[in-house]
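As structure tokens, the structure follows; a few thoughts come after it.
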Amino acid sequence: MSSVIASTRFSVLDRSRTREGRTAPEALRDTVALARVAEKLGFHRFWVSEHHGVPGVAGSAPTVLAAAVAGATRTIRVGTGGVMLPNHRPLVVAEQFGVLESLFPGRIDMGLGRSVGFTGGVRKALGRDKEDAEDFAGQLEELLGWFRGTSPTGVHARPPEGLTVPPFVLAMGEGADIAARAGLPMVIGDLRDRERMRRGVDRYRERFRPSPWASEPYVVISGTVAVAATPEEARRLLVPEAWSMAYSRTHGTFPPLPPAERVEALSLSGREREFYERGLAGHVAGTEEQVAHELETVLKETGAQEVLVTTSTYDREALVDSYRRLARIVHS
């Protein structure tokens, strides 16, 4: 194993993707089961995500799911990738993470994003609109203030005040600037657009200001990593998500993951084929040797301290095998 891989942390983000013929509750239980696997394989963190009103994603309440994951594991760090702060009051988010940290001390991470609901209907249901994302920096400052006891309201948040829950900013677009100004670790994706990722990382490092939360920049790069016995098998791991993304772009709805063999038998329109092929390209995928080489390259390019792997696929056995092979690369 290369020294650059050996000195890098590897973690897992599972988005609780639903699968054709399976229920949303099954998807959530699959996430908890995968967390146990990730812990046994030696991954550093296991994060869950927040989506609302998306047919293909079951994870709508990340702090609740994080509690289930933390309760089912013993040592792995558990967190969110992320809680979408504009959707919530900062006090409530602080209280939720304060409870998590109180129940599972020293194991909880607070990954925070700036997205609002995906559609107008979802935003209306949440009582939010697109403009709510524009004050993400202010919301972030308020949230962190509840942990430090500095709220100008005179209210004290219980139990978060005085606790330390490491915050991370999910950086899309201007998120890198916000993370740098706040002096927080940054999570940036995705691996398919390396040039944009490098620009974001450079921007973050140039503008980083030390804070009580981080004395120096900390970069987590995120994206899909698929490892299999052959390049063809690794590519098949990518097929369900690539088709689901292509379908959402051409039909306006994000469906559950189909089996790869069903996708491969479909007759796609020219536009669907274009999005599908684009969805298959640029990921880190292949045999253990190929993936090790690709990871070493991207880590040298970005200088990242951590990789957050976000792979989703229909075949859970193949997914677990991919993570097992990745763990061999990381720990060999």
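If you're matching positions, the sequence shown starts at 760 in my numbering and goes up one per residue. Even for Gly, the Cβ is constructed at its ideal location relative to N, Cα and C.
So within the segment 1037-1078, which uninterrupted beta strand (DSSP E) runs reach at least 3 residues, ignoring any that extend past its ends? 1043-1045, 1065-1068
Tell me the rounded alpha-carbon separation between residue 951 and residue 912. 44 Å
Opening and closing residue of the beta strand (DSSP E) in which residue 929 lies: 926-930
Checking 7 Å against the spacing of the C-beta atoms, do residue 808 and residue 815 come in under that value? no
Residue 875: buried (16+ other C-beta within 10 angstroms of its C-beta) or exposed? buried
Between the Cα of residue 843 and those of 991, 880, 1048, 893, spot the shortest distance and give me the residue it belongs to. 893
Where residue 828 falls, given that 16 or more other Cβ within 10 Å makes a residue buried: buried
Is it buried or exposed, residue 909, if we count other Cβ atoms within 10 angstroms and call 16 or more buried? exposed
Does residue 961 pass the burial test, meaning 16 or more other C-beta atoms within 10 Å, or should it be called exposed? exposed
Just list the residues that DSSP pairs residue 980 with in beta bridges. 947, 1066
In whole angstroms, what separates the C-alpha of residue 988 from that of residue 1047? 8 Å
Looking at the secondary structure, which residues open and close the beta strand (DSSP E) in which residue 1013 lies? Residue 1013 -> no beta strand (DSSP E), and no H or E assigned at all.
For residue 972, the three-state DSSP class (helix, strand or coil): coil
Can you tell me whether DSSP reads residue 871 as helix, strand or coil? strand
Which whole-angstrom value describes the C-beta separation of residue 1069 and residue 1034, a residue pair presumed to lie in contact below a C-beta threshold of 8 Å? In fact, because the Cβ distance is near 19 Å, the residues do not count as touching under 8 Å.
Compute the distance between the beta-carbons of residue 775 and residue 793, then report whether it is under 7 Å. no
Report the option in 964, 1083, 996, 922 whose CA atom is closest to the CA atom of residue 971. 922
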